[in-house]
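Here is the structure we will look at.
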Amino acid sequence: MKITAKSIRDKKSKGEKVTALTAYDFTLAKILDEAGLDIILVGDSLGMVLLGYDSTVPVTMRDMLHHTKAVGAAVRNALVVADMPFGSYDTPERALRSARRFLQEAKADAVKVEGGRRIEEQVKMLIQSGIPVMGHLGMTPQTASSLGGYHVQGKEAEQAEEIFEDAKRLDQLGVFSIVLECVPSALADRITREVKCPTVGIGAGPKTDGQVLVLHDMLGFEGKVSPKFVRKYADLGQVIRKAVTGYRDDVLKGKFPSEKESYH
Ligand code: KIV
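For the sequence shown, this note's numbering assigns the number -18 to the initial residue and increments by one for each residue that follows.
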C-alpha cells in the first residue's frame, strides 16, 4: 500500500519506527521499495556519492530531477522524498516553483529542506500549497561550511537550544517529519519527546522515531567520509572489486565467454 506523508506522521502515535534510506537510481530504488522501506530519500548526497563533488553545494535542480525521475519510476509503495538542492529555496516563491517540479515532473511525494526558523516562510508556503515537507536540522550539509565542517552540532548548550527551537517551529508549521543529523543523542531524545512529528535520525542516536542512512555507505562502498554512525551491512565495494577482477582475468585468459555462453 502506498505510504503517504500522513501515514509517516501517524506512525509516531502508533509507536512505529520510520525506516528510510537514500537511493538515486531505478535499480536500487526498486530493491529498497520491495524490501519495505517507508521512505526513499533522493538525497543531494548524490553529489558526493555519484558525481564526485566535494560537497552537496554544486548539486543542481537538473541533477536532482534527473535522479528523482529514475527513483519515482521504480517505487510503488514507499514515500519518495526529493531533497531540494542548494539555492532552490532561497525565497518562498522559488521554493514553491522548485518543489512543484519534483512532484509534477519526477513523481516525488514530498520534499526535504535544510534549516529551521531561517526558512520558515518557505516551509509555510510549501505546506500551504499542499506540498508535504520534511525538515532537516543539526549538521545540514548545504551549510556545512558555515557550521565549521561536517561535525556534530548542538554539543554546546546555546546551539542545542537553537536546534531545539528550530525543531519546535518546524513541527508547528506542519512538517511531516524532521531529519536530525549528527546531533548528540540527548538532544535528539529531547526533540523527539517534544515534537508531534516523527524525528528521523542519522548520527543522532537510538531515541529518534526513525533512522536514515546513505545507502552507499551502509552497503560498504568507500565514500569520501566514513562517519562512525554508519553501520556497514554489506561490503559491496569488495564484492564488486572481486567480480570485476574475475571478469578481467577470464577475458585475458580466454576463459570468457565459453561455448555455452556463445550463439551457434
Ligand atoms: O542528502 C542526503 O542523503 C541526506 C541524508 C543524509 C539525510 O540529506
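Note that beta-carbon positions come from the ideal geometry of N, C-alpha and C, so glycine has one too.
Cβ-Cβ distance between residue i and residue j below 9 Å
i, j, result
"ILE144", "ASP152", "no"
"MET65", "VAL94", "yes"
"VAL232", "ILE20", "no"
"LEU118", "ALA87", "no"
"PRO122", "SER207", "no"
"GLU203", "ARG150", "no"
"ALA89", "GLY53", "yes"
"MET106", "VAL181", "no"
"ALA51", "LEU196", "no"
"LEU22", "HIS48", "no"
"VAL(-1)", "PRO179", "yes"
"LYS(-7)", "LYS177", "yes"
"VAL104", "LEU46", "no"
"ALA59", "LEU18", "yes"
"GLY28", "PRO39", "yes"
"ASP198", "VAL211", "yes"
"TYR244", "PHE237", "no"
Paired residues, beta bridge with residue i - DSSP
i, result
"GLY119", "GLU162"
"GLY96", "HIS117"
"ASP64", "LYS93"
"ILE20", "ALA1 and LEU60"
Residue closest to residue i, alpha-carbon to alpha-carbon, out of the options
i, options, result
"PHE7", "ARG171, GLN192, VAL61 and LEU32", "VAL61"
"ASP14", "ILE(-11), VAL56, MET29 and VAL181", "VAL56"
"LEU200", "ALA148, GLU101 and LYS213", "LYS213"
"VAL156", "LYS(-17), MET(-18) and ARG(-10)", "ARG(-10)"
"GLY97", "TYR70, VAL30, VAL40 and ARG222", "TYR70"
"SER127", "SER110, SER36 and ALA215", "SER36"
"ILE304", "PRO73, GLN85 and ALA138", "Past the boundaries of the shown model lies residue 304; the chain is included only from -18 to 245, so the question cannot be answered."
"ILE183", "ARG174, GLU175 and LYS209", "LYS209"
"HIS132", "GLY111, ILE221, GLU162 and HIS245", "GLU162"
"GLY68", "THR41, GLN219, LEU84 and VAL225", "THR41"
"SER110", "VAL92, ASP198 and ARG222", "VAL92"
"ARG174", "ILE(-16), GLY(-4), GLU139 and LYS(-17)", "GLY(-4)"
Unbroken stretches of the alpha helix (DSSP H), 4 residues or longer, contained in the stretch 122 to 208: DSSP runs (the alpha helix (DSSP H)) wholly in the stretch 122 to 208: 138 to 154, 166 to 175 and 196 to 199.
Touch test, the stretch 130 to 145 against the stretch 71 to 90, Cβ-Cβ under 8 Å, three pairs minimum: Contact fails: fewer than three Cβ-Cβ distances are below 8 Å.
Segment contact, 8 Å Cβ cut-off, at least three pairs: the stretch 177 to 189 with the stretch 161 to 168: Contact between the stretch 177 to 189 and the stretch 161 to 168 is present, because at least three Cβ pairs lie under 8 Å.
4 or more residues per run - each alpha helix (DSSP H) lying fully within the stretch 202 to 241: Within the stretch 202 to 241, the complete alpha helix (DSSP H) runs of at least 4 residues fall at 217 to 233.
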